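Numbering (the numbering used here), first residue to last: 76 to 389.
Every residue, glycine too, gets a C-beta built ideally from N, C-alpha and C.
Please read all numbers here as calculations on a predicted model, not as lab measurements.
One structure below.
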Amino acid sequence: MTGPRDAVDFVDTHVHFWDQRHEGLRYDWLRTDGDPAETAVLGEYGAVRAEKYLPEDFLRETRSARPSQVVHVQAALGTEDPVRESAWLDECRRRTGIPDAFVGDARLVSDDLGAVVEGHGMFPGFRGIRDLRLSEYLGDPRCDRGLELLARAGLVLCDSDALHRLEATVAALKRHPDLVYCVDHTMMPMRRDAEYAREWRAALARVAAAPGAVVKISGLGQTDHDWTPESWRPWIHACLEMFGTERVVFGTNWPVDRLYSSYADVVDAYVGACADLSAHERAAVFADNARRIFGIGEEILDEDRQRPAAPPGT
Numbered sequence: 076m077t078g079p080r081d082a083v084d085f086v087d088t089h090v091h092f093w094d095q096r097h098e099g100l101r102y103d104w105l106r107t108d109g110d111p112a113e114t115a116v117l118g119e120y121g122a123v124r125a126e127k128y129l130p131e132d133f134l135r136e137t138r139s140a141r142p143s144q145v146v147h148v149q150a151a152l153g154t155e156d157p158v159r160e161s162a163w164l165d166e167c168r169r170r171t172g173i174p175d176a177f178v179g180d181a182r183l184v185s186d187d188l189g190a191v192v193e194g195h196g197m198f199p200g201f202r203g204i205r206d207l208r209l210s211e212y213l214g215d216p217r218c219d220r221g222l223e224l225l226a227r228a229g230l231v232l233c234d235s236d237a238l239h240r241l242e243a244t245v246a247a248l249k250r251h252p253d254l255v256y257c258v259d260h261t262m263m264p265m266r267r268d269a270e271y272a273r274e275w276r277a278a279l280a281r282v283a284a285a286p287g288a289v290v291k292i293s294g295l296g297q298t299d300h301d302w303t304p305e306s307w308r309p310w311i312h313a314c315l316e317m318f319g320t321e322r323v324v325f326g327t328n329w330p331v332d333r334l335y336s337s338y339a340d341v342v343d344a345y346v347g348a349c350a351d352l353s354a355h356e357r358a359a360v361f362a363d364n365a366r367r368i369f370g371i372g373e374e375i376l377d378e379d380r381q382r383p384a385a386p387p388g389t
């Protein structure tokens, strides 16, 4: 079967790969008893706490709705040296052609942030940082030094939960107008009632006022487990309204959002929600913006990294 996705060039900007068998890499959120902070949002997520989820697995799973390019986002949480994940991802990329780009792990307040960023930068797919502890130290002078380092280096800062700390986030973006700040997971809309939606929209508008802010429409299933395309549309349309079609990208949060849907269903829901956009606008939000923001282009793929048509066994 085919769907509306078949006519769309789609860059998936939020995918996680892992291999718990890999010596030196830790994935604390995948431990067998589950992470309470994760289960509070995801529910019981044993179905994705697998030993491994490799690029080969992704290529097989998305054969009917394959994205043109893929951005991996930090997954090896708890790893002592986060650069090890980047080295592993580079091996994956050389073997399979994906990920085309990746967002690495780092502590923005650490004294060795510069060395960590330099280590990540040894690998050509490195495009940014996500620090899941950011909410603990927004406003800390050490954090400001870290944000300035990212801005100077032209790296993206990915961050998902701006609503509960809006004032600190907006203040930081004003201090660092050159920072490319990517609001992950549609700014995590945790409820679906009208009062919350108004609060979320007001917060989103304030973040969108920062010139370097972009929004990643992703992860909607993890906070809307029984979703429908109709239940997603108000959140997608609000992002397009606040940020315009030049500062929006899409991601699937795969394989985590597999808990609530199929890959093709997610992409079809996105495409359906954007049906009223012009062809130019659809090209921007589904692919061109992602390539620009995350620096994805054929020039960063050399001959021994060319993506195979399909992995063995498909």
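R250 is not a Cβ neighbour of L213, given a cutoff of 8 angstroms. In the structure shown, R101 adopts coil according to DSSP, grouped into three states.
Note that the C-beta distance between L225 and A151 is not below 8 angstroms. Take the alpha-carbon of Q149 and the one of P142: they are about 19 angstroms apart. Boundaries of the beta strand (DSSP E) harbouring C233: V231 to D234, taken from the DSSP string. The beta carbons of D206 and A243 sit no closer together than 8 angstroms.
Straight across, the Cα-Cα distance linking R217 with P199 is about 27 angstroms.
In the three-state scheme derived from DSSP, where H, G and I count as helix and E and B as strand, C257 is classed as strand. Annotation for H355: no beta strand (DSSP E) segment contains it, though the alpha helix (DSSP H) segment containing it runs A354 to A358.
A350 and H312 have their C-alpha atoms roughly 11 angstroms apart.
The residue from E166, D332, D215 and R124 with its alpha-carbon nearest to that of S185 is D215. The bridge partners DSSP lists for A288 are Y256.
Taken atom to atom, the span from the alpha-carbon of F177 to that of F201 is near 5 angstroms. Check the Cα spacing between S336 and each of F85, L238, T137 and P130: the tightest is with T137. Spatial neighbours of C314 in its own chain (CB-CB distance under 6 angstroms, excluding positions within 5 residues in sequence) are listed in chain order as V290, I292 and V323. When the five nearest sequence neighbours on each side are left out, the beta carbons in the same chain lying within less than 6 angstroms of the beta carbon of V255 are those of V231 and G287, in order along the chain. Looking at the DSSP output, F177 shares a beta bridge with H147 and F201. Residue burial is scored here from C-beta neighbours: P252 has fewer than 16 other C-beta atoms within 10 angstroms and is therefore classed as exposed.
If you draw a straight line from the Cα of L209 to the Cα of E223, it comes to about 14 angstroms.
If you look at V342, you'll find it in the alpha helix (DSSP H) that goes Y338 to A348.
If you draw a straight line from the Cα of D108 to the Cα of A277, it is about 37 angstroms long.
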